[in-house]
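*Asks:* No gaps in the numbering here: position 38 of the sequence shown is 37 in numbering that gives the first Met the number 0, and each next residue is one more.
Please find one structure pasted underneath; my questions will follow.
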Amino acid sequence: MLGFESQCWQLGMKILSCFALKLGFPESFFTTAHDPQRDTYQSTLRMLHYYATEQSQQGMWRAGAHTDFDCLTLLFQRPGGAACRFVPVKTAKASSGPALSRGRR
């Protein structure tokens with residue numbers, strides 16, 4: 000299990016490194032922030048298995064709706080597996096003021 004968690008971390012850091020470069024940060028920006036050796040490191044690995052069921056009634060949920068916290072979620076799914084429900088996102092305009100520039104040095 001720890002090996003799988005390590006592989007997930009490595010994949011996540013590759014993805015976040017791409018984000019960092021596109022955002023104008025050093026490639027290691029997120030890797031440093033998510034270093035497993037730091038005392039403040041936090042990670043959640045949840046392995047959920049949703050068993051097949053007969054057609055459910057309309058409006059019935061198999062598991063309660065939830066949101067993920069932090070910055071990245073990896074979802075592994077087999078063909079024909081459970082579906083995800085994506086809620087429309089409300090967007091807001093961001094200024095290019097000092098709050099957005101703090102991290103860039």
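Backbone N, C-alpha and C fix where the C-beta goes; we use that ideal spot for every residue, glycine too.
#1: Tell me whether Arg103 sits in a helix, a strand or coil according to DSSP, three-state version.
#2: Let me confirm a value: Cys70 is counted as buried when at least 16 other C-beta atoms fall within 10 Å, else exposed. Which label applies?
#3: Quick one: residues in its chain with C-beta nearer than 7 Å to the C-beta of Leu73, no 5 flanking neighbours on either side, listed in chain order?
#4: Among Leu44, His48, Gln57, which residue has its Cα nearest to the Cα of Gly2?
#5: Could you check which residue in Pro35, Ser27, Phe75, Leu22 has the C-alpha nearest to that of Ile5?
*Replies:* So, from the listed chains and residues:
#1: Position 104 of the sequence shown, counting from 1, holds the residue named residue 103. Low per-residue confidence applies at Arg103: pLDDT is 47, beneath 50, and the placement is therefore not dependable enough to give any value.
#2: For the purposes of this step, residue 70 is taken as residue 71 along the sequence shown, with counting starting at 1. By the neighbour-count rule (16 or more Cβ atoms within 10 Å), Cys70 is not buried but exposed.
#3: The sequence position of residue 73 within the sequence shown is 74, counting from 1. The answer, listed in chain order, is Cys7, Leu10, Gly11.
#4: Position 3 of the sequence shown, counted from the first residue, corresponds to residue 2. Scanning Leu44, His48, Gln57 for the CA closest to the CA of Gly2 turns up Leu44.
#5: Residue mapping note: residue 5 aligns to position 6 of the sequence shown, counting from 1. It should be pointed out that residue 5 corresponds to Ser in this sequence rather than to Ile. Among Pro35, Ser27, Phe75, Leu22, the Cα nearest to that of Ser5 is on Pro35.
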